[in-house]
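If you read the sequence shown in the UniProt record's numbering, its first letter stands for residue 1, the second for the next number, and so on. Note that beta-carbon positions come from the ideal geometry of N, C-alpha and C, so glycine has one too. Below is one structure, written out as structure tokens; the observations come after it.
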Amino acid sequence: MKPPARLQPLIEEGLIDSVVRQLMSGKEAMVFVVRCGIETRCAKIYKEATKRSFRQAVDYTENRKVKNSRSARAMAKGSKFGRQEQEAAWQSAEVDALYRLADAGVRVPQPYNFCDGVLLMELVTDAHGDAAPRLNDVAFTPEQALQHHATLVKEVVRMLGAGVVHGDLSEFNILLAHAPGVDGADGVDEPVIIDLPQAVDAAGNNHAQRMLLRDVANLRDFFGQFAPTLLATQFGPEIWSLYQAGLLSTDTVLTGRFERSPASVDTQAVLREIDDALAEEAARKLRMASA
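Put into structure tokens, the structure is as follows:
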């Protein structure tokens with residue numbers, strides 16, 4: 001196909017040889033399948049802020065560090081240059097998170113390059129070599145649902161150990177990839193987490209707890225459709241409680257049970273949770289309508 005204008009610089013630089021097809025167009029970016037030598041990869045083109053439906057909420061960008069002091073001052077003032085720098089920081093946040101999480105052993109697409117607002121990364125595939133489906137497009141047996149839920153809860157723990165909370169984790173941004181077996185054995189399907197520009201610092205963002213609880217609740221509610229026993233679990237509060245106490249590691253055995261200590265109710269926090277739930281439901285309906 002004819003290369004989009006945003007990919008032309010990467011072709012001129014020799015980073016991409018040709019564009020095969022458009023893979024998807026989402027709330028924040030368009031993704032294309034591209035050829036790079038003998039490999040097939042994908043190129044994620046970030047949409048301009050004015051053309052995105054996903055707003056860069058202050059909750060997500062809180063306490064994000066900018067190395068250049070001039071850029072930081074411009075972003076704080078909200079000048080035109082500052083908005084451009086804020087946009088660049090939003091895009092590069094995903095690249096930073098991908099490298100950070102890959103180093104921690106989290107299943108994410110391997111990033112290869114980031115140039116002019118385009119992220120070149122691994123194409124996650126199924127058993128036939130085609131683009132892997134989202135969880136939302138797959139039906140599971142109860143056993144499969146329990147297995148994938150357990151895998152993703154461990155991934156959330158591993159991400160938290162790396163100091164990262166996804167912030168928008170759901171069945172819409174998790175792919176079901178095929179991992180080949182060893183020595184001729186049959187391969188297995190494994191979840192791969194994608195879409196990380198809104199990832200937040202677990203220790204530096206005041207909203208990290210709320211976002212992690214929402215991420216884990218989304219996993220519970222989705223897989224609970226296939227394995228109803230999951231609907232009664234409380235992995236989110238259990239994970240965060242252990243994290244705060246310094247007792248969480250990838251070897252921690254989680255039970256899915258959690259008893260809240262009696263304390264006074266924070267009415268404002270409850271109202272924020274309600275607002276967040278309403279906003280998340282509206283976003284979910286938008287994603288389903290555009291799927």
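Within the same chain, 220, 221 and 224 come within 8 angstroms of residue 231 by CB-CB distance, once the 5 residues on both sides are set aside. Listed as beta-bridge partners of residue 189 by DSSP are 178. In the three-state reduction of the DSSP assignment, residue 154 falls in the helix class. The region 165-178 and the region 202-216 touch, with no fewer than 3 CB-CB distances between them shorter than 8 angstroms.
In this structure, the beta-carbon distance from residue 235 to residue 248 does not fall below 7 angstroms. Around the Cβ of residue 195, a 10 Å sphere holds 16 or more other Cβ atoms; the residue is buried. Within the same chain, Cβ atoms closer than 7 angstroms to the Cβ of residue 233 are found at 220 and 256, the five residues on either side in sequence being excluded. From the listed residues 37, 178 and 109, the smallest Cα separation to residue 186 is found for 178. Closest in alpha carbon position to residue 37, among 11, 28, 27 and 47, is 11. Fully enclosed alpha helix (DSSP H) runs of no fewer than 4 residues occupy 235-244 of the region 213-248, in order along the chain. Under a 10 Å Cβ-count criterion, residue 215 is classified as buried, with 16 or more other Cβ atoms of the shown protein chains found around its own Cβ. Under the three-state reduction of DSSP output, residue 6 falls in the helix class. Here DSSP, grouped into helix, strand and coil, assigns residue 194 to coil. Boundaries of the beta strand (DSSP E) around residue 120: 118-122. About 5 angstroms separates the beta carbons of residue 31 and residue 44, which is inside the 8 angstroms limit, making them a contact pair.
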